[in-house]
Amino acid sequence: MAETGGLFGAEISKEFQLSKELVHLNHGSFGSVPRSVYEARLERMRELEICPDDWFRYNFVPLVKKGSETVSKLIGSSSSENVVFVENATGGVTAALRSLGLKMQPKAGLLVTGLSYEAIRHTAHKVCEIEGHFVLHTINLDPPYKDKFEVVQRYRDYLSSHSDVHVAIVDHITSPSTLLLPVKEIVSVCHEFGVAVIIDGAHAPGQVEINVEDINAEFYTGNLHKWFFCPRGCAFLHVRSDQKDTIRPVIASSFYHKGFPEEFLTQGTRDNTPFTVVPQAMSFYERLGGIAGIHAYCVPLLKWAADMMSERLGEPLIAAPSDMVPPYMRVVRFPEILQGDRTKAHGIKAQTILRYQYNITATVGEIDTPNTTVSMNLMKKELIEILFSD
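Mapping of the sequence shown onto numbering that gives the first Met the number 0: position 304 corresponds to residue 303, and the numbering continues sequentially without gaps.
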């Protein structure tokens, strides 16, 4: 396969299997697997099918451990023994949250944000209302902000007046509101108040530099399929050394009570082939010039696209300090093009119109905060023409 030589755009499209009939604007939801990584995984799957006994009894463990070593380097971990694989970041948050819940006094406070990802909000609700481990708290992080320190101060103010909070889930990059939070500073404030922190880094790996030792959260989880070119169903959970004795996976397998990381490593007949090709994903990532090379291409391109759409729609982008704007993600506000309530059904219909009438894959949704509402109203032909006419 040809080397990329640092080339992007049309030159690199041959490295992927994405349809050339579509305009793909939704990499963040599902990612895309390069051919080289895809083929490496197919080879692993063939190895598995040749002799499943050999794969599950002998072969997969060293391959997965090599994957853990690669992740460890990517995220600045002091040891690959602190890194395990999970299927997605929500699973990593759930494992950490349940494990912390077993250590806390009943009805300890659990803090999320109004910008937390929907699945994380549901997870928090489940452990609070159904499992009874925590009492749910929500901090308002609605923009605008003068600078990142205003966000940190909001945490300080909230924790000063809510001493019952003992655990916080903090987004590294919020979704779908696309804000890069100052996680190191937030973790430091939380620790001042004795609050343990789970970082939901779903969109961070491959998009921003991560140093888990510097961030110092008790738990950090992130997806590898979104911006790091791994197959779907590939995410990691980093566990700080002092938390390894109590962390447990969501599913108890036959390796229950074997300790960390073994309980996470062996989960029955789970498809673990995505975890075995992380080194190949790293190789592809490095061929593009690593994070610096990809940023050099993507950051100005995204700025141009967001500014162009904002100008044509006559709607401002969400106001955020420059160091809180993630490199590859931006929200563009739709104007009020139809009367009536904004509902999830409107967003789905608009998304479907984009896909099947205009061959564009994109996410259309609503950010449910007073100051950052993105319209879910139906797309009209006039709006498409505003956006995509020359």
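C-beta atoms are modelled at their ideal positions from N, C-alpha and C, and glycine is treated no differently.
This structure is a prediction, so every number in the text was calculated from the model and none was measured.
Check whether residue i and residue j have beta carbons under 8 Å apart
{"i": "Phe283", "j": "Phe228", "result": "yes"}
{"i": "Val164", "j": "Val194", "result": "yes"}
{"i": "Pro230", "j": "Val169", "result": "no"}
{"i": "Val60", "j": "Leu264", "result": "yes"}
{"i": "Glu320", "j": "Tyr144", "result": "First, the amino acid is wrong: residue 320 is Pro here, not Glu. It is a contact, given that the beta carbons lie within the stated cut-off."}
{"i": "Ser174", "j": "Tyr116", "result": "yes"}
{"i": "Val134", "j": "Asp199", "result": "no"}
{"i": "Ala203", "j": "Gly221", "result": "yes"}
{"i": "Ala123", "j": "Val249", "result": "no"}
{"i": "Lys302", "j": "Gly27", "result": "no"}
{"i": "Ile119", "j": "Met328", "result": "no"}
{"i": "Pro334", "j": "Leu300", "result": "no"}
{"i": "Arg155", "j": "Val182", "result": "no"}
{"i": "Glu262", "j": "Arg247", "result": "yes"}
Nearest neighbour of residue i, chosen from the options [CA to CA]
{"i": "Thr112", "options": "Leu300, Val166 and Lys145", "result": "Val166"}
{"i": "Ser79", "options": "Pro61, Lys225, Glu68 and His224", "result": "Glu68"}
{"i": "Phe259", "options": "Arg153, Leu24 and Val82", "result": "Val82"}
{"i": "Phe274", "options": "Val36, Glu10, Glu14 and Leu6", "result": "Val36"}
{"i": "Ser18", "options": "Ser31, Gly27, Tyr327 and Phe7", "result": "Ser31"}
{"i": "Ser176", "options": "Lys145, Ile197 and Asp141", "result": "Asp141"}
{"i": "Gly108", "options": "Phe192, Leu180, Ala349 and Phe333", "result": "Phe192"}
{"i": "Leu21", "options": "Thr362, Val363, Tyr357 and Ile11", "result": "Tyr357"}
{"i": "Pro33", "options": "Thr89, Ile359, Arg332 and Glu14", "result": "Glu14"}
{"i": "Val85", "options": "Pro105, Ala201, Glu38 and Leu110", "result": "Ala201"}
{"i": "Lys65", "options": "Gly205, Tyr255 and Gln279", "result": "Gln279"}
{"i": "Leu180", "options": "Arg332, Phe148 and Cys50", "result": "Phe148"}
{"i": "Gln152", "options": "Phe7, Leu312, Ile293 and Ile185", "result": "Ile185"}
{"i": "Ile197", "options": "Gly205, Ile209, Leu178 and His237", "result": "His237"}
{"i": "Asp270", "options": "Pro51, Leu101 and Val330", "result": "Pro51"}
{"i": "Leu6", "options": "Thr351, Lys257 and Gly292", "result": "Gly292"}
Extent of the continuous beta strand (DSSP E) to which residue i belongs
{"i": "Gly108", "result": "Ala107 to Thr112"}
{"i": "Ile138", "result": "Phe133 to Ile138"}
{"i": "Asp170", "result": "Val164 to Asp170"}
{"i": "Asp199", "result": "Ala195 to Asp199"}
{"i": "Met161", "result": "A small fix is needed here, since residue 161 is His in this sequence, not Met. Note, His161: premise wrong, no beta strand (DSSP E); not H, not E."}
Anticipated Cβ contact below 8 Å, residue i with residue j, distance rounded
{"i": "Ala305", "j": "Leu287", "result": "Contact flag wrong, Cβ pair sits at about 22 Å."}
{"i": "Thr272", "j": "Met44", "result": "5 Å"}
{"i": "Glu212", "j": "Gly75", "result": "6 Å"}
{"i": "Asn25", "j": "Thr360", "result": "5 Å"}
First and last residue of the uninterrupted alpha helix (DSSP H) at residue i
{"i": "Gly221", "result": "Note, Gly221: premise wrong, no alpha helix (DSSP H); beta strand (DSSP E) at Phe218 to Asn222."}
{"i": "Phe418", "result": "In the structure as shown, the chain starts at 0 and stops at 389, and residue 418 therefore has no counterpart that could be examined."}
Test: residue i CB closer than 8 Å to a CB of chain D
{"i": "Lys145", "result": "This model lacks chain D altogether; it includes just one protein chain."}
Practice prompt. Inspect the CB distances between the segment 236-243 and the segment 209-221 and report whether three or more fall short of 8 Å.
Written response: In short, these stretches touch, since the Cβ pair count reaches three.
Count the C-beta pairs between the segment 126-135 and the segment 144-161 that are closer than 8 Å, then say yes if the count reaches three, no if not. Contact annotation: the segment 126-135 does not touch the segment 144-161, with fewer than three C-beta pairs closer than 8 Å.
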